[in-house]
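Peer 1: In the numbering used here, the protein residues as written are 989 to 1499.
Where is the CB? At the ideal position from N, CA and C, for every residue including glycine.
Note that the structure is predicted; figures quoted are calculated from it, not measured.
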């Protein structure tokens, strides 16, 4: 171990083959070099994530976080018994965050910090398993990839889950190397906390088990990993039992095929084809010619299972029960930049003599900068008006400008009410005439509505009714068959219809 009094050696760490189980001690790099290799990617990720963070609007998934997290804790708990238990811990965390200030920037700030931690942890893993420059390259590539910055600016749990998985992986490496009860307990806590944020993160255990086996660890270490993994799973059992009864939350997911794998590969390695090609070749080089390990476990033995096995397992499960969505696998991406960094180190491995070291390090940084430049259009698109599929503020602002105080509003279908729940100030004074019990009190996402007859009677008492419908409603058969639309078309005529990105807005007036 390096101590404060240890000399900083100019000799590179001594590598040994992956197959050797008892490598000789390597000369540790300076603490300053390691700290720089970790902190620089974290700072870069922080800057990229803060760039354009305030898009001025939310999209539908973020609106779910925003409106649920602002409920009281008992109201959140009531909802979780029926819906979205998988995000329960995240909603409770965001309840505390939004209590400080409830706006779009604060909504996304935990994800920003989570992404910065992920970049630093990826770098730390690379430093520990190879050398500081490998960690630096891997952390910077993690930060420069549009896939990570997209979720770094998302008011959902995925960036925090990725940070937790990276921490758990770092704890795993530490536990394998030192094999102490305390280290394994820390690993179990990291896995459990991460999986409680999103239960699909438990897939990391498959990758970690493969890493322990590949490390050729003693039988005792393997048993301790199994015990730690089992302990981590125990708190998830109640969550899994509750969420298994809430299958409607994932009913929209389609069975995956080759196209979904291709798109995920683009997310991991691209999406720019030049970056994808180079990154894939470097990662392949790291797999075919692994760096010699400096401790009990090699970098490839950690990174390759992490990037492959969770994806493969979720894909296989999804052939029976479709659950394959790219954001559920953001945590697995951490393995890919580690492989790319290792491949770059292998490619430039001949230039290890002292005079060439700064040049090699700088070359890797320049390569990552070039990758970022090539993918800058994707980064800019993420932060633009079309960066998400929704623009809820535009819709809310339009309704606020066009309607009058005390006007009646219908949401068709009922889940379009998320616009009202998110931008409630814009709807102040407007009457939601179909709503019987509000969302918080009913323990639902969108509230409980009156039956069709009662809604029809309430519509009949109005002179003007606004309909805020799903964006594609005008072309859908269900829209014409919706009881609320049937009722409003009896005795009313359509006076105005406006199509916006996030909704169809229609004004009906009495004939």
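(1) Under the three-state reduction of DSSP, which class applies to residue 1478: helix, strand or coil?
(2) Relative to the C-alpha of residue 1494, which candidate in 1470, 1459, 1454, 1462 has its C-alpha closest?
(3) Quick one: is residue 992 buried, meaning 16 or more other Cβ sit within 10 Å of its Cβ, or exposed?
(4) Can you check whether the CB of residue 1034 is closer than 9 Å to the CB of residue 1126?
(5) On the CB-based measure, 16 or more other CB atoms within 10 Å of its CB, does residue 1185 come out buried or exposed?
(6) Compare the beta carbon distance of residue 1264 and residue 1299 with 9 Å and say whether it is the shorter of the two.
(7) Runs of 4 residues minimum, wholly inside the stretch 1310-1397: which ones carry the alpha helix (DSSP H) assignment?
(8) How is residue 1492 classed by DSSP in three states: helix, strand or coil?
(9) Quick one, are the C-beta atoms of residue 1107 and residue 1032 less than 9 Å apart?
(10) Kindly confirm or deny that the stretch 1279-1290 and the stretch 1108-1123 touch, where touching means at least three C-beta pairs closer than 8 Å.
(11) Is DSSP giving residue 1061 helix, strand or coil here?
(12) Check for me: the beta strand (DSSP E) holding residue 1172 runs from which residue to which?
(13) What does a CB cutoff of less than 6 Å around residue 1160 pick up in its chain, not counting 5 residues either side in sequence?
(14) Out of 1235, 1438, 1396, 1366, state which residue places its alpha-carbon closest to the alpha-carbon of residue 1524.
(15) What are the start and end residues of the beta strand (DSSP E) that includes residue 1455?
(16) Per DSSP, residue 1419 forms a beta bridge with which residues?
(17) On the DSSP bridge assignment, give the partners of residue 1436 in chain order.
(18) Evaluate the contact criterion for the stretch 1155-1173 versus the stretch 1373-1386: three or more CB pairs, one atom per stretch, below 8 Å.
(19) Less than 9 Å between the C-beta atoms of residue 1278 and residue 1330, yes or no?
(20) Using the DSSP secondary-structure output, state which residues sit across from residue 1484 in a beta bridge.
(21) What separation, rounded to the nearest whole angstrom, lies between the Cα atoms of residue 1133 and residue 1077?
(22) With 16 as the cutoff for other CB atoms within 10 Å, does residue 1405 come out buried or exposed?
(23) Using the C-alpha atoms, what's the distance from residue 1381 back to residue 1389?
(24) By how many angstroms is the C-alpha of residue 1267 removed from the C-alpha of residue 1259?
(25) Just reading off the alpha helix (DSSP H) that residue 1255 is part of, what are its end residues?
(26) Across the stretch 1039-1050 and the stretch 1367-1375, are there enough close Cβ pairs to call them in contact, namely three or more that are closer than 8 Å?
(27) Excluding the 5 residues preceding and the 5 following residue 1485 in the sequence, name in chain order all residues of the same chain whose CB lies nearer than 6 Å to its CB.
(28) Just how far apart, CA to CA, sit residue 1232 and residue 1226?
(29) Going along the chain, which residues of its own chain have a beta-carbon closer than 6 Å to the beta-carbon of residue 1270, five neighbours each way excluded?
(30) Going by beta carbon distance, what residues of the same chain come within less than 8 Å of residue 1301, once the five residues before and after it are set aside?
(31) Below 9 Å between beta carbons: does that hold for residue 1492 and residue 1459?
(32) Are residue 1130 and residue 1139 closer than 9 Å when you measure CB to CB?
(33) Identify the continuous alpha helix (DSSP H) that holds residue 1407 and give its terminal residues.
(34) Mind checking residue 1496: buried by the 16 CB within 10 Å criterion, or exposed?
(35) Starting from the C-beta of residue 1096, find all residues in its chain whose C-beta is less than 7 Å away, skip the five residues before and the five after it, and write them out in chain order.
(36) Do you know offhand how far residue 1499's Cα is from residue 1098's?
Peer 2: Reading from the atomic positions:
(1) Numbered from 1 along the chain shown, position 490 holds the residue referred to as residue 1478. Reduced to three states, the DSSP call for residue 1478 is coil.
(2) Residue mapping note: residue 1494 aligns to position 506 of the chain shown, counting from 1. 1454 is the residue among 1470, 1459, 1454, 1462 whose C-alpha sits nearest the C-alpha of residue 1494.
(3) For the purposes of this step, residue 992 is identified with residue 4 of the chain shown, where counting begins at 1. Low confidence applies here, because residue 992 scores a pLDDT of 38, under 50, leaving its location unreliable; read the following figure in that light. With fewer than 16 Cβ atoms within 10 Å of its Cβ, residue 992 is classed as exposed.
(4) Here residue 1126 refers to the residue found at position 138 when the chain shown is read from its first residue. Here residue 1034 refers to the residue found at position 46 when the chain shown is read from its first residue. Against a cut-off of 9 Å, the Cβ pair of residue 1034 and residue 1126 comes out as no contact.
(5) Position 197 of the chain shown, counting from 1, holds the residue named residue 1185. Classification of residue 1185: buried, given that the 10 Å Cβ count is 16 or more.
(6) Mapped onto the chain shown, residue 1264 falls at position 276. Mapped onto the chain shown, residue 1299 falls at position 311. With respect to residue 1299, residue 1264 sits apart: the two C-beta atoms are not nearer than 9 Å.
(7) Listed in chain order, they are 1323-1335, 1345-1362, 1364-1371, 1380-1390.
(8) As a position in the chain shown, residue 1492 is number 504, starting the count at 1. In this structure, residue 1492 counts as strand in the three-state DSSP scheme.
(9) The residue given as residue 1107 occupies position 119 in the chain shown. The residue given as residue 1032 occupies position 44 in the chain shown. Going by C-beta atoms, residue 1107 is nearer than 9 Å to residue 1032.
(10) Contact between the stretch 1279-1290 and the stretch 1108-1123 is present, because at least three Cβ pairs lie under 8 Å.
(11) Looking up residue 1061 in the chain shown gives position 73. Residue state, collapsed to three classes: helix.
(12) In the chain shown, the residue the question calls residue 1172 occupies position 184. Per DSSP, residue 1172 belongs to no beta strand (DSSP E); it is in the alpha helix (DSSP H), 1169-1185.
(13) As a working mapping, residue 1160 is identified with position 172 in the chain shown. If you ignore the 5 residues before and after residue 1160, its C-beta comes within less than 6 Å of the C-beta of 1175, 1196, all in its own chain and listed in chain order.
(14) Outside the shown range of the chain, which is 989 to 1499, sits residue 1524, and nothing can be said about it.
(15) Here residue 1455 corresponds to residue number 467 of the chain shown, with the count starting at 1. For residue 1455, the uninterrupted beta strand (DSSP E) segment begins and ends at 1452-1457.
(16) Residue mapping note: residue 1419 aligns to position 431 of the chain shown, counting from 1. Answer by DSSP bridge pairing, in chain order: 1396.
(17) By 1-based counting over the chain shown, the position of residue 1436 is 448. Bridge partners of residue 1436: 1425.
(18) Contact annotation: the stretch 1155-1173 does not touch the stretch 1373-1386, with fewer than three C-beta pairs closer than 8 Å.
(19) The sequence position of residue 1278 within the chain shown is 290, counting from 1. The sequence position of residue 1330 within the chain shown is 342, counting from 1. Residue 1278 is a Cβ neighbour of residue 1330, given a cutoff of 9 Å.
(20) Indexing the chain shown from 1 puts residue 1484 at position 496. Residue pairing by DSSP places residue 1484 opposite 1495 in a beta bridge.
(21) Along the chain shown, one-based indexing puts residue 1133 at 145. Along the chain shown, one-based indexing puts residue 1077 at 89. Roughly 27 Å separates the two Cα atoms.
(22) To locate residue 1405, count along the chain shown from 1; it is residue 417. The Cβ neighbour count for residue 1405, taken over all protein chains shown within 10 Å, is at least 16; the residue is labelled buried.
(23) Against the chain shown, residue 1389 aligns to sequence position 401. Against the chain shown, residue 1381 aligns to sequence position 393. Rounded to whole angstroms, residue 1389 to residue 1381 spans 12 Å at the Cα level.
(24) Residue mapping note: residue 1259 aligns to position 271 of the chain shown, counting from 1. Residue mapping note: residue 1267 aligns to position 279 of the chain shown, counting from 1. If you take the alpha carbons of residue 1259 and residue 1267, they lie about 11 Å apart.
(25) Here residue 1255 corresponds to residue number 267 of the chain shown, with the count starting at 1. Run containing residue 1255: 1246-1257, per the alpha helix (DSSP H) assignment.
(26) Flag = yes, the stretch 1039-1050 and the stretch 1367-1375 touch.
(27) Translated into positions along the chain shown, residue 1485 becomes position 497. Closer than 6 Å at the Cβ level, and outside the excluded window around residue 1485, lie 1494.
(28) The count along the chain shown starts at 1 and reaches residue 1232 at position 244. The count along the chain shown starts at 1 and reaches residue 1226 at position 238. If I take the Cα positions, the gap works out to 10 Å.
(29) Counting from 1 along the chain shown, the entry for residue 1270 is found at position 282. Cβ neighbours of residue 1270 beyond the five flanking positions: 1328, 1331, 1332.
(30) Here the question's residue 1301 lines up with position 313 in the chain shown. Closer than 8 Å at the Cβ level, and outside the excluded window around residue 1301, lie 1191, 1194.
(31) The sequence position of residue 1492 within the chain shown is 504, counting from 1. The sequence position of residue 1459 within the chain shown is 471, counting from 1. At the C-beta level, residue 1492 and residue 1459 come within 9 Å of one another.
(32) Looking up residue 1130 in the chain shown gives position 142. Looking up residue 1139 in the chain shown gives position 151. Against a cut-off of 9 Å, the Cβ pair of residue 1139 and residue 1130 comes out as no contact.
(33) On the chain shown, residue 1407 is found 419 positions in, with the first residue counted as 1. Annotation: the continuous alpha helix (DSSP H) that includes residue 1407 extends over 1406-1410.
(34) Numbered from its first residue, the chain shown carries residue 1496 at position 508. So residue 1496 counts as buried.
(35) In the chain shown, the residue the question calls residue 1096 occupies position 108. Cβ within range, chain order: 1041, 1141, 1142, 1143.
(36) Here the question's residue 1499 lines up with position 511 in the chain shown. Here the question's residue 1098 lines up with position 110 in the chain shown. Spanning the alpha carbons of residue 1499 and residue 1098 requires a straight line of approximately 51 Å.
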